[in-house]
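Residue numbers (the numbering used here), protein chains in the order written: chain W, 22 to 139; chain F, 112 to 222.
Structure first, commentary second.
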Amino acid sequence: GAVVSQHPSWVICKSGTSVKIECRSLDFQATTMFWYRQFPKQSLMLMATSNEGSKATYEQGVEKDKFLINHASLTLSTLTVTSAHPEDSSFYICSARDRSRGGTDTQYFGPGTRLTVL
Amino acid sequence: QKEVEQNSGPLSVPEGAIASLNCTYSDRGSQSFFWYRQYSGKSPELIMFIYSNGDKEDGRFTAQLNKASQYVSLLIRDSQPSDSATYLCAVNTGTASKLTFGTGTRLQVTL
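Encoded structure:
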């Protein structure tokens with residue numbers, strides 16, 4: 022149980038284009054999903070918290086107009102990187118919180134999406 | 112000041128030995144604590160969580176929590192080469208269920 026999927030697993034795009042990444046909880050409902058970014062040899066950096074049916078909460082320094090987050094259902098959140106540039110190249114990972122498991126706030130991670138912007 | 116600190120390693124242990132991974136945190140109000148394993152190029156996978164002082168065992172893994180000392184550790188018994196990975200300590204301070212991650216400890220299990 023507690024499976025989270027992400028699509029695509031990798032994407033290469035040209036500078037200036039937009040890329041959409043999907044995050045799905047497959048066997049549980051996730052009222053909250055999180056989006057992280059990880060650069061090589063660095064730890065996870067939380068970008069935003071996505072709540073179903075409401076606006077995402079962005080961390081300080083993360084441009085909300087550049088990283089659009091939509092959490093339209095209890096099993097799907099999307100991250101759109103708008104007007105991507107080479108410095109946006111990174112490993113984007115989502116996680117979903119499953120509060121049904123023993124009342125903890127455990128986050129289960131998707132497999133990640135590797136974005137390369139040329 | 113970092114909120115969650117881990118020694119970056121690498122921590123090298125021989126196969127079959129016990130690996131001990133440590134983590135300290137700064138927020139005394141922290142509620143729950145998680146250990147994730149991350150293989151190179153992959154996303155983190157949950158090993159276990161703990162929120163009460165003491166030990167919690169799951170197979171070869173034991174998490175230890177000491178809230179007074181603000182310290183959480185992970186012991187891996189009978190270490191295997193497949194345990195070689197980066198181990199991330201994460202702390203939930205209760206703020207919107209966000210997790211704060213340490214930078215991770217790289218573990219190398221040698222033959």
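Cβ atoms here follow ideal geometry from the backbone N, Cα and C, with glycine treated the same way.
Contact check, residue i vs residue j, beta carbons under 7 Å
i: W/Pro132; j: W/Gln50; result: no
i: W/Ser116; j: W/His92; result: no
i: F/Tyr136; j: F/Gln181; result: yes
i: W/Ala23; j: W/Asp126; result: no
i: W/Val32; j: W/Ala105; result: no
i: F/Gln117; j: F/Cys134; result: yes
i: F/Ser195; j: F/Leu218; result: yes
i: F/Ser141; j: F/Thr216; result: no
i: F/Ile158; j: F/Phe172; result: yes
i: W/Val138; j: W/Cys34; result: yes
i: W/Thr52; j: W/Glu84; result: no
Three-state class that DSSP yields for residue i in the structure shown
i: W/Glu108; result: helix
i: W/Pro132; result: coil
i: F/Ser184; result: strand
i: F/Asp194; result: helix
i: F/Val124; result: strand
i: F/Gln142; result: coil
i: F/Ile129; result: coil
i: F/Leu210; result: strand
i: W/Ser30; result: coil
i: F/Lys178; result: coil
i: W/Ala93; result: strand
Assumed close pair residue i, residue j - CB separation to whole angstroms, cut-off 8 Å
i: F/Val202; j: F/Thr214; result: F/Val202 to F/Thr214, Cβ: 13 Å. No contact.
i: F/Ser190; j: F/Gly127; result: 7 Å
i: W/Leu97; j: W/Tyr113; result: Not confirmed; about 16 Å, so no contact.
i: W/Leu89; j: W/Thr78; result: The pair is not a contact, with the Cβ atoms about 14 Å apart (cut-off 8 Å).
i: F/Cys200; j: F/Val115; result: 6 Å
i: W/Phe130; j: F/Glu156; result: 7 Å
i: W/Glu80; j: W/Leu67; result: 5 Å
i: F/Ser184; j: F/Ser131; result: 6 Å
i: W/Phe60; j: W/Ser94; result: Not confirmed; about 30 Å, so no contact.
Output needed in chain order: residues of the segment 64–94 of chain W with a Cβ under 8 Å from some Cβ in chain F. Ser64, Leu65, Leu67, Thr70 and Thr78
Scan the segment 25–58 of chain W for residues whose Cβ lies nearer than 7 Å to a Cβ of chain F and list them as they occur along the chain. Thr53
Relative to chain W, which residues along the segment 206–222 of chain F have a C-beta separation below 9 Å, given in chain order? Ala207, Ser208, Lys209, Leu210, Thr211, Phe212, Gly213, Thr214 and Gly215
List, from N- to C-terminal side, the beta strand (DSSP E) runs of 3 residues or more that fit wholly inside the segment 47–75 of chain W. 53–59 and 66–72
Near-chain W residues of the segment 146–170 of chain F (beta-carbon distance less than 9 Å), N- to C-terminal order: Tyr147, Gln149, Gly152, Lys153, Ser154, Pro155, Glu156, Leu157, Phe160 and Tyr162
Looking at chain F, which residues of the segment 108–136 of chain W have a Cβ within less than 7 Å of any of its Cβ atoms? Ile114, Arg118, Thr125, Asp126, Thr127, Gln128, Tyr129, Phe130, Gly131, Pro132 and Gly133
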